[in-house]
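Just add 143 to wherever you are in the sequence shown, counting from 1, and you've got the numbering used here. Everything on this sheet refers to the single structure shown next.
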Amino acid sequence: MRRAGLVVLALLVVALAVVAQLADIPDGAGLRELVRTAGPAAPVVFLAVCAFGTAVFFPKPVLATAAGLLFGVGWGSVLAIAGFTAGAMIAFTVARMLGRDAIAGWMGERLKVVEEVFARRGVEATLVVRLLPIVPFALANYGAGVTSVRGRDFAVGTALGLVPSTVLAAVLGDALSDLGSPRSIVALSIWAVLAVAGLWWGRSLVKAARVDT
Numbered sequence: 144m145r146r147a148g149l150v151v152l153a154l155l156v157v158a159l160a161v162v163a164q165l166a167d168i169p170d171g172a173g174l175r176e177l178v179r180t181a182g183p184a185a186p187v188v189f190l191a192v193c194a195f196g197t198a199v200f201f202p203k204p205v206l207a208t209a210a211g212l213l214f215g216v217g218w219g220s221v222l223a224i225a226g227f228t229a230g231a232m233i234a235f236t237v238a239r240m241l242g243r244d245a246i247a248g249w250m251g252e253r254l255k256v257v258e259e260v261f262a263r264r265g266v267e268a269t270l271v272v273r274l275l276p277i278v279p280f281a282l283a284n285y286g287a288g289v290t291s292v293r294g295r296d297f298a299v300g301t302a303l304g305l306v307p308s309t310v311l312a313a314v315l316g317d318a319l320s321d322l323g324s325p326r327s328i329v330a331l332s333i334w335a336v337l338a339v340a341g342l343w344w345g346r347s348l349v350k351a352a353r354v355d356t
């Protein structure tokens, strides 16, 4: 039964990723029009779109950019972060229910060190993952569910880790669509700094866990 749950989880993640690639996903303009038609309920609709979209591999930068354009940097960032965190928790909960028990029995020595980091310092470990742009956001949500990180720590770490990238996307809009523009250079530079900081922080956590064990 444990292995069956893990197989179902793997198939679910692959299926969602494939559908996200093949589906006709609306661009920023289409998303903004969809939310505008909701009228006064637009913030609630947008939050729900962010939550559901996050769980099904909808491109997060599109949603973060739309948040800034629709609601302004401040309010838009709050809505996006809340929606992304809710979606992350949906994916986390699904993975925890289906795959955690199976994974726990297959831990090698290196993975046990990572497990120790997530168990003892879940907020920091989650923050590190969020600072690394090379780790797909949606995939990290499902992956975290099979670790020993507490749900509360994962939620807090996710919300805090989303602040830099979400605010940056809301401020700079679609700057990354023009890689030669000054705005895109600023965005890429900041993301590079965050990635380096995440790598350094992650190595420090792993070293500390090895010393403790």
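Beta carbons are placed, not taken as given, at the ideal position from N, Cα and C, and that holds for glycine. From a predicted model like this one, the values you see are computed outputs, not experimental measurements.
Bounding residues of the alpha helix (DSSP H) (the contiguous stretch that carries residue i)
| i | result |
| --- | --- |
| PHE195 | 185-198 |
| THR269 | 265-274 |
| THR208 | 203-214 |
| GLY182 | Note, GLY182: premise wrong, no alpha helix (DSSP H); not H, not E. |
Inter-residue spacing [alpha-carbon to alpha-carbon] between residue i and residue j
| i | j | result |
| --- | --- | --- |
| VAL272 | GLY300 | 9 angstroms |
| THR180 | VAL151 | 37 angstroms |
| VAL278 | ILE333 | 16 angstroms |
| ALA234 | LEU305 | 16 angstroms |
| GLY211 | ARG175 | 10 angstroms |
| LEU213 | VAL336 | 28 angstroms |
Local Cβ density within 10 Å of residue i, reported as buried at 16 or more and exposed below that
| i | result |
| --- | --- |
| GLY288 | buried |
| ALA223 | buried |
| ARG239 | buried |
| VAL157 | exposed |
| LYS203 | buried |
| GLY173 | exposed |
| VAL162 | exposed |
| LEU154 | exposed |
| VAL339 | exposed |
| ALA298 | buried |
| GLY341 | buried |
Contact under 7 angstroms by Cβ, residue i with residue j
| i | j | result |
| --- | --- | --- |
| ALA313 | GLY219 | yes |
| PHE200 | ALA231 | no |
| VAL256 | ALA268 | no |
| ALA185 | ALA229 | no |
| GLY345 | ASP296 | no |
| PHE227 | THR197 | yes |
| PHE189 | VAL205 | no |
Any non-hydrogen atom of the ligand NAP within 6 angstroms of residue i CB
| i | result |
| --- | --- |
| ALA340 | Here there are no bound small molecules, and the ligand NAP is not part of this structure. |
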